[in-house]
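Taking it in order: structure first as structure tokens, then the write-up.
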Amino acid sequence: DARVTQTPRHKVTEMGQEVTMRCQPILGHNTVFWYRQTMMQGLELLAYFRNRAPLDDSGMPKDRFSAEMPDATLATLKIQPSEPRDSAVYFCASGPGQANQPQHFGDGTRLSIL
Amino acid sequence: GEDVEQSLFLSVREGDSSVINCTYTDSSSTYLYWYKQEPGAGLQLLTYIFSNMDMKQDQRLTVLLNKKDKHLSLRIADTQTGDSAIYFCAEERGYSTLTFGKGTMLLVSP
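In order, the protein sequences belong to chains A and B.
The first sequence: position 26 = 26 (the working numbering), numbered continuously.
Each number in the working numbering comes from the position in the second sequence (counting from 1) with 114 added on.
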């Protein structure tokens with residue numbers, strides 16, 4: 001089965017360090033989403049792309065977060081500098097970009113900032 | 115408000131039926147979805163319903179939609195311990211973007 005692949009699965013680092021999370025969407029999907037999941041806030045949409053162009057990143061703190069799609073097979077989410085409050089599980093999802101064509105999620109990157 | 119609302123927790127016994135409820139906000143949403151999240155994993159699509167339908171059945175799952183009240187429910191028949199997970203309701207608001215509820219944790223006891 002086609003899957004969304006996220007790396008790394010786990011990341012522990014100290015505050016102030018740069019963190020890069022990667023996502024390989026399902027081949028042929030043209031929309032990519034980044035979510036953050038915490039106990040307090042639930043699942044929050046950070047940013048999404050359509051045909052590699054950012055459509056909405058209003059959910060993302062702009063001063064430290066950046067999201068890019070260097071090519072159709074790779075999406076990245078960077079945090080620089082990282083802070084303890086960034087600790088969460090970050091999910092990538094991809095979809096065909098049509099109604100009734102659901103998003104498929106990766107297994108997430110569990111990030112801990114000490 | 116703009117939130118999709120779900121109850122946070124449901125506990126049932128194995129073999130019973132489980133009903134997870136959700137209220138959504140956008141009457142123009144075309145599709146409504148249920149996702150399941152097991153520990154340490156991402157969200158897995160369970161089922162969906164088109165907004166002009168009242169009910170959809172898929173094996174042990176039944177989705178009911180009350181569009182007037184913007185109320186969605188997921189019924190799991192003959193609930194098993196393997197159904198223990200967090201269940202998310204989501205509404206589609208265009209460009210395949212979804213707005214999720216905070217999830218309902220279902221605990222199934224033997």
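Backbone N, C-alpha and C fix where the C-beta goes; we use that ideal spot for every residue, glycine too.
Given the structure is predicted, the values throughout are model-derived calculations rather than measurements.
Under the three-state reduction of DSSP, which class applies to residue i: helix, strand or coil?
| i | result |
| --- | --- |
| PRO84 of chain A | helix |
| ASP140 of chain B | coil |
| HIS104 of chain A | strand |
| ASP1 of chain A | coil |
| ASP197 of chain B | helix |
| THR31 of chain A | strand |
| VAL126 of chain B | strand |
| LEU220 of chain B | strand |
| GLN21 of chain A | Reading off the sequence, residue 21 of chain A comes out as Met, not Gln. Three-state result, MET21 of chain A: strand. |
| GLY115 of chain B | Confidence at GLY115 of chain B is low in this model, with a pLDDT of 45, below 50, so the placement of that residue should be treated as unreliable; the coordinate-derived value is given next. Correct three-state label for GLY115 of chain B: coil. |
| GLY59 of chain A | coil |
My guess is that residue i and residue j are in contact by the Cβ rule of under 8 Å, so how many angstroms apart are they, rounded?
| i | j | result |
| --- | --- | --- |
| CYS92 of chain A | VAL32 of chain A | 7 Å |
| GLN17 of chain A | ALA88 of chain A | That pair is no contact at about 16 Å. |
| PRO8 of chain A | SER94 of chain A | That belief does not hold up - the Cβ atoms of PRO8 of chain A and SER94 of chain A are roughly 18 Å apart, past 8 Å. |
| GLY97 of chain A | VAL4 of chain A | Their Cβ separation, rounded to whole angstroms, is 14 Å, which puts GLY97 of chain A and VAL4 of chain A out of contact at 8 Å. |
| LEU179 of chain B | ASP168 of chain B | 6 Å |
Provide the residue(s) that pair with residue i in DSSP beta bridges, ordered along the chain.
| i | result |
| --- | --- |
| GLY42 of chain A | A:THR38 |
| LEU212 of chain B | B:GLU206 |
Apart from the five residues just before and just after residue i, which ones in its own chain have a Cβ nearer than 6 Å to its Cβ?
| i | result |
| --- | --- |
| LEU159 of chain B | TYR149 |
| LEU212 of chain B | ALA204 and GLU206 |
Quick one: residues in its chain with C-beta nearer than 8 Å to the C-beta of residue i, no 5 flanking neighbours on either side, listed in chain order?
| i | result |
| --- | --- |
| ALA67 of chain A | TRP34, LEU46, ALA47, PHE49, PRO54, ASP57, MET60, ALA75, THR76, LEU77 and LYS78 |
| LYS11 of chain A | VAL19, MET21, THR109, ARG110, LEU111 and SER112 |
| GLY115 of chain B | Unreliable placement is indicated for GLY115 of chain B, whose pLDDT of 45 sits below 50; the coordinate value is still reported in the next sentence. Excluding positions up to five away in sequence, the list reads THR139. |
| VAL126 of chain B | SER132, THR193, LEU220, LEU221, VAL222 and SER223 |
| MET15 of chain A | PRO81, SER82, GLU83, PRO84, ILE113 and LEU114 |
Leaving aside the five residues before and after residue i along the sequence, list all residues of the same chain whose C-beta is less than 7 Å from its C-beta, in chain order.
| i | result |
| --- | --- |
| ASN51 of chain A | ASN30 |
| LYS184 of chain B | THR137, TYR138, THR139 and SER141 |
Can you list the residues of chain E that residue i reaches, using a CB-CB cut of under 8 Å?
| i | result |
| --- | --- |
| PRO25 of chain A | In the structure shown, chain E does not exist; the protein chains are A and B. |
At what residue ranges does the region 130–186 of chain B contain a whole run of the beta strand (DSSP E), taking only runs of 3 or more? With a minimum length of 3 residues, the continuous beta strand (DSSP E) runs that stay inside the region 130–186 of chain B are 132–137, 145–151, 157–164, 169–172 and 175–180.
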